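Going down the list, the protein sequences come from chains A, B, C and D.
Read in our numbering, the first sequence has 190 at position 179, and its numbers run on one by one without any break.
Read in our numbering, the second sequence has 194 at position 183, and its numbers run on one by one without any break.
Read in our numbering, the third sequence has 278 at position 267, and its numbers run on one by one without any break.
Read in our numbering, the fourth sequence has 223 at position 212, and its numbers run on one by one without any break.
Taking it in order: structure first as structure tokens, then the write-up.
There are 4 protein chains.
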Amino acid sequence: MTALDELIAAGAGEPPFDIVRAVYAELSVSDLDASAEFYAGLLGFAVSERTDDALYLRGWGERLHHSLVLVRGERPACTRLGFRVRAEGDLEALEADFRRRGCETRWASGERAGMGRVLRAWDPFGYPLEFFHEMATLEPLLQRFDIHSGAPVVRLDHFNIHSPDCEGALRFWQELGFRLTEYISTDGAPERLTGGWLARKQTVHDLALTAGRGPRLHHLGLYVDEPGGVLRTCDRFAAAHRSEAIERGPGRHGVSNAFFVYLRDPDGHRVELYSCDYYTGDPGHRPIRWSVSDPRCRSFYGTRAPDSWYEESSDVIGPDGAPVPTSDSTVDERDARSEVMA
Amino acid sequence: MTALDELIAAGAGEPPFDIVRAVYAELSVSDLDASAEFYAGLLGFAVSERTDDALYLRGWGERLHHSLVLVRGERPACTRLGFRVRAEGDLEALEADFRRRGCETRWASGERAGMGRVLRAWDPFGYPLEFFHEMATLEPLLQRFDIHSGAPVVRLDHFNIHSPDCEGALRFWQELGFRLTEYISTDGAPERLTGGWLARKQTVHDLALTAGRGPRLHHLGLYVDEPGGVLRTCDRFAAAHRSEAIERGPGRHGVSNAFFVYLRDPDGHRVELYSCDYYTGDPGHRPIRWSVSDPRCRSFYGTRAPDSWYEESSDVIGPDGAPVPTSDSTVDERDARSEVMA
Amino acid sequence: MTALDELIAAGAGEPPFDIVRAVYAELSVSDLDASAEFYAGLLGFAVSERTDDALYLRGWGERLHHSLVLVRGERPACTRLGFRVRAEGDLEALEADFRRRGCETRWASGERAGMGRVLRAWDPFGYPLEFFHEMATLEPLLQRFDIHSGAPVVRLDHFNIHSPDCEGALRFWQELGFRLTEYISTDGAPERLTGGWLARKQTVHDLALTAGRGPRLHHLGLYVDEPGGVLRTCDRFAAAHRSEAIERGPGRHGVSNAFFVYLRDPDGHRVELYSCDYYTGDPGHRPIRWSVSDPRCRSFYGTRAPDSWYEESSDVIGPDGAPVPTSDSTVDERDARSEVMA
Amino acid sequence: MTALDELIAAGAGEPPFDIVRAVYAELSVSDLDASAEFYAGLLGFAVSERTDDALYLRGWGERLHHSLVLVRGERPACTRLGFRVRAEGDLEALEADFRRRGCETRWASGERAGMGRVLRAWDPFGYPLEFFHEMATLEPLLQRFDIHSGAPVVRLDHFNIHSPDCEGALRFWQELGFRLTEYISTDGAPERLTGGWLARKQTVHDLALTAGRGPRLHHLGLYVDEPGGVLRTCDRFAAAHRSEAIERGPGRHGVSNAFFVYLRDPDGHRVELYSCDYYTGDPGHRPIRWSVSDPRCRSFYGTRAPDSWYEESSDVIGPDGAPVPTSDSTVDERDARSEVMA
């Protein structure tokens, strides 16, 4: 049994708090109007609220106030990754856990529209997490087909983070109660983790790990109902002479069964339109392992990921307001990449 | 060999003119704004031009100026069914043909936006036909996915007319060079025709005959690219609290393989969203016969057509500007209808 | 606040056991080969195992041994509705709960292929429930697109039961920890419940209530990934001259947002192909109310349900092996049905 | 006006024969069983007939005997490109035309199953053409959804040939009556043609020209009804561990609006699954020009074509039974390729 096997066998912890799911991210953007045109105009997010320096967007299936907050900032970065907890008291339990780990935490209230009390915490790797229970709710728009546009985006589905230490990050997120559903690892000894998919809700993931320079945000996963929605978005971008925003895809991942496309927003932040997820909620749900040398794990078919997909990501902002310094990963999926694919 | 068999075996004539295809219809509507909201707002037609009393619409794949003209009028009716001919000289040949038949014809020019010289002719049954070669062209919008909405409608595909004498109408349209591609007939003697599909372009039809009180326009067939477009339109109408506009479907016809939905516009004019057509351009292409007692001919699956679908239609306007008097058909598909379907 | 409002406000209980989800049903069928052709041949279920008198089928996304068991029997009936619990010990807690209610319970082990210890229990209304934790697992076939056929069916999603006492049934299932996600009720006083959707997993339902003569099984809901899969199944049935098996649809429910079709198997058991579900796992997720007089609740668009859909259902088998006697509901949705729909 | 402009302005000729459309190709393959598994098993062609050394396949929408003939041969090559003519007498007119050009022609009859008299002709560039009027017909399978598998393929839509002299080839095919519908050309002087799409039937093409070493067959275009069919095929190939057969795509071409994927068969012959074509049958239909420097012409979105797509093709067989010697093109699209795409 490898060290990685042991870590995986340990499974999800049973901490004294209950994280429900990934709900929203906050991104710093350089030109709020350009970002609005990208996310609301082309991608077709619903607008929940706009203030002088922020835009609040949500998916058509989201009942909470926002799936994405865009804040005008000096430099593009990811400033928050927001998770909902089941009850208000979970926040105190989480604070205790983060403090025990020596992590910086802060309480805030009313900083952002629609939000109540929040716990901000920087995890041991530097990612800016936020936990909350209360958020304003809005009318569901799932069946407002008459005003849907684009894909349309249903909800924020997951965060994918670029991590120089995937094994350490896996341990951490398992301790927070996340279940590993799929992973990619090397074949040789030692077996190294190059990608991990971890879930709280009953889908493939709320949070994914991608080996690489970090801490950085690799992408936000936005759920769309079916592959046809992914294709309509590609067509919209190309027709609007914005096909350079399409970095990778459309295609299918072996991992997660996603039919996807990756887009880069005007600041380079990456979003994935993600469809074809599956149910993972049964007890004893065993994670699927993919060998890094199986080209189907990342590209079930279609073209291999471009280097930019492995190398570029969004900085994350630390407690001091500056980008968290990054370090490289000691493992790179591309080293084991098959020659099969173009 | 029945009389119908003989008529069908005679096949398409080779007249001294070349009708290319059905291009547009003109409808009289009582409230132009309400019709605009229906056709441009909900169905998603592109607007080519609007004047005080008329709205010109076209499908996203149409390069000619219009697929549909809505004219403000005292009473809802169908005022023109427009076919394009291959060359300007075909108009004279058509005029001669109609005169030989004793039909009323008229020349006009510039009456409608985007049009050149046109030949108007009332066929022997009273339908208001129009033939033209010249029409203004506009930029193709087929790939303007960024501004498409709704289905979207690609083009006007066909006219379906309610006819009290389908055999006579079949003979007439075959003489004009139309090829029969599919038909429905009764099993007993005499074999009666209850529906016929006739084409000039290489699809299943430009013109269809439905046995029933006429002359009236049964529906306009609007082409959409795939069943998903039909469903999106249903969703849009329902979300806009307009599901009562959906008269029949979604479902599939055995005839023509169409995946369809029938809608009624604010004046009761019927339009079909029509997808899944097929190629019929080979020489010797044999028409497919469906028995009227095979429920799959009209409803390959799904619910049987409501009575309104058999009984209601749009009046057509005669040379005198008044609705052409109608007469009943002596055959009714519903007499042979199977008890299988709900 | 009506009595129904109070019942709904009470919400899901927090019983000392954890039901994970609906997993499988067992149906008694008169001709096992005919049923195999229907479920495995036309619908495209994967076959897990076949014995002399039983066929075990599963969806392509199911990792457990079966989603459906067909057992050769003298008369068609529903013999079991199987739910998985989180841990083996939940079975004892459930037994205690059912005994407290005066319900008949039984333990069994190894009666069915792939199963460990099971608790059988007839609920206070007579439905034959089964609870289990252990079941053999099989390789996931979700990505075996090369052998998928038909829709294909992903998993059994839910049971829908015909109930003469929906309010009582709602109370019972809430006490078992099920969350109400949507419901239909009458507008007048007293407000009566005519339909309820209750979930344990994070979808719209694991169990639905339909007012009507019961206890009977109304239908099994089988999940397919997208509307295109529903349409492909309709096309397959029609092409195989089996369109009479299509009882209702294709269409969309307002409730649950499902794009659906209802089929009747060779014994008359009803199955729904069900797509377009949504996430319901957040704490405080508020149920959506639909007025019974809003035609969109049952048919967002399309044709109204035929009477058979309201009246016919599968008997359920009691502890004595005989069908449980049924009684009528005192409320009928059709009384409030709008005249809008055909 | 450039020389190319003049050539295009000349338009389609009006020769004394009428070519209806591209119908079938014949390929020499090294392992007939492997090819059968690829084309009938994975792609889902219908099998019309199999002899000891040949397999006859047709699309589900084809009424003629075959869309593709695979013949066991020593080396992989394209041996025939078959076009149907409107009448038997067109063959004599074609023979005269080819002889006038100094091209080798031959008459044959009954060499291939289902065929009557055929005229074989090697065009001035060396491509092995075949013309015929008579072919056996078979029952249409368009609506046999119960036995469809894979995409499914509807018909052979077009031939795409690798040509070292696109301008010359354009002139030749225009003289044969083909209409240019779209083309790609260079921006500088002289304006060079790098791709041309020419049609006889009312779609975008029956024959396309791709600048490159030739005469060789670049690919066979197989029509599928919608993008969903293209994706299902990709999924099937990947699931069968055959994703290396996917050379390019899925993606959309700007030219022709095709949603496509390119596959390589076991001998390296290339086939395109092609959906989303459009109507081109109107008189005066103007060809669309794309600049070679517009990356959207070949890839409306998605990844640029790999070099293999530009360089590799199937040899064609000359009158002597040996591959026709090839020469390079003096223009290469890749020279003008934008840096935008990955």
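Glycine included, each C-beta is placed from N, C-alpha and C at the ideal position.
Bear in mind the structure is a predicted one, so any value in this text is a computation, not a measurement.
Worksheet item: Does any residue of chain D bring its CB to less than 8 angstroms from the CB of N268(B)?
Response: yes
Worksheet entry | Those residues which DSSP pairs with C89(B) across a bridge | L38(B), V327(B)
Fill in: C-beta atoms of D293(D) and V31(B) nearer than 8 angstroms
yes
Practice prompt. Mind listing the chain C neighbours of P56(D)? Cutoff is C-beta to C-beta under 7 angstroms, in chain order.
Written response: One detail in the question is off: residue 56(D) reads as Phe in this sequence, not Pro. Going along chain C, no residue has its Cβ under 7 angstroms from F56(D), so there is no contact; the nearest lies around 16 angstroms.
Item to complete: Whole angstroms is fine: what's the gap from P27(B)'s alpha carbon to Y194(B)'s?
Response: 26 angstroms
Worksheet entry | Within chain B, partners of L153(D) - CB distance below 8 angstroms | N268, Y289
Item to complete: Measure from the alpha carbon of E145(C) to the alpha carbon of each residue in R123(C), Y273(C), Y138(C), H159(C), then state which is nearest.
Response: R123(C)
Worksheet item: Which word fits M12(A), buried or exposed, when buried means at least 16 other C-beta atoms lie within 10 angstroms of its C-beta?
Response: exposed
Worksheet entry | Any C-beta of chain D under 8 angstroms from that of V241(B) | no
Discussion item. Is it buried or exposed, H252(A), if we count other Cβ atoms within 10 angstroms and call 16 or more buried?
Written reply: exposed
Worksheet entry | Secondary structure of F189(B), DSSP reduced to three states | coil
Item to complete: Starting from the beta carbon of R348(B), find every residue of chain C whose beta carbon is closer than 9 angstroms, and list them in chain order.
Response: Result: empty, since nearest Cβ-Cβ is about 14 angstroms, beyond 9 angstroms.
Discussion item. Quick check: what's the CA-CA separation for D318(B) versus A250(A)?
Written reply: 43 angstroms
Discussion item. Could you check whether T192(D) and E344(D) sit closer than 8 angstroms to each other, using their CB atoms as the reference points?
Written reply: no
Worksheet item: Three-state secondary structure (DSSP) at S286(A)?
Response: strand
Worksheet entry | Residues of its chain near D339(B), where Cβ-Cβ distance is below 7 angstroms and the 5 sequence neighbours each way are ignored | P175, R224
Worksheet item: Mind pulling the chain B residues with CB within less than 9 angstroms of S254(C)?
Response: P306, R307, S310, F311, Y312, G313, V351, M352
Fill in: Within-8 angstroms CB hit, G262(C) to chain A
no
Practice prompt. Have a look at S254(A) and V241(A) and give me their C-alpha separation to the nearest angstrom.
Written response: 14 angstroms
Discussion item. Quick check on this structure: which residue in F183(A), D16(A), A47(A), L218(A) has the alpha carbon closest to the alpha carbon of F109(A)?
Written reply: F183(A)
Item to complete: Just the chain C side, please: which residues come within less than 8 angstroms of G292(A) by C-beta, in chain order?
Response: V31, R32, K212, Q213
Fill in: Proximal residues of chain G, C-beta to C-beta of G265(A) below 9 angstroms
Given the protein chain composition of this structure (A, B, C and D), no chain G is represented.
Practice prompt. Answer yes if the region 214-232 of chain D comes into contact with the region 129-138 of chain C, meaning at least three C-beta pairs across the two stretches below 8 angstroms, and no otherwise.
Written response: no
Discussion item. For A51(A), tell me which candidate among E99(A), H229(A), L66(A) has the shortest Cα-Cα distance.
Written reply: L66(A)
Worksheet item: Using a Cβ-Cβ distance under 8 angstroms, would G70(C) count as near chain A?
Response: no
Discussion item. DSSP three-state label for L15(B), please.
Written reply: helix
Worksheet entry | Reduced DSSP category for A353(C) - H, G, I as helix; E, B as strand; rest coil | Per-residue confidence for A353(C) stands at a pLDDT of 44, beneath the threshold of 50, marking its modelled position as unreliable; no derived number is given.
Item to complete: Report the partner residues of V80(A) according to the DSSP bridge assignment.
Response: E37(A), Y67(A)
Worksheet item: Which term fits D326(A), buried or exposed, when burial requires 16 or more other beta carbons within 10 angstroms of its beta carbon?
Response: buried
Discussion item. As an exercise, report each continuous alpha helix (DSSP H) stretch of at least 4 residues that is fully enclosed by the region 160-208 of chain D, in chain order.
Written reply: 177-186
Worksheet item: Going by DSSP, which residues form a beta bridge with P139(C)?
Response: W133(C)
Item to complete: Could you name the residues of the same chain whose beta carbon sits closer than 8 angstroms to that of R155(A), not counting the 5 residues immediately before and after it, in chain order?
Response: W71
Worksheet item: When the Cα atoms are used, what is the spatial distance from G93(B) to M126(B)?
Response: 11 angstroms
Worksheet item: Is D236(A) close to chain D, meaning its C-beta is less than 8 angstroms from at least one C-beta of that chain?
Response: no
Item to complete: Can you have a look at D346(A) and say buried or exposed, based on whether 16 or more other CB atoms are within 10 angstroms of its CB?
Response: exposed
Discussion item. Can you confirm whether A251(A), when its beta carbon is compared against all beta carbons of chain B, has any partner nearer than 8 angstroms?
Written reply: yes
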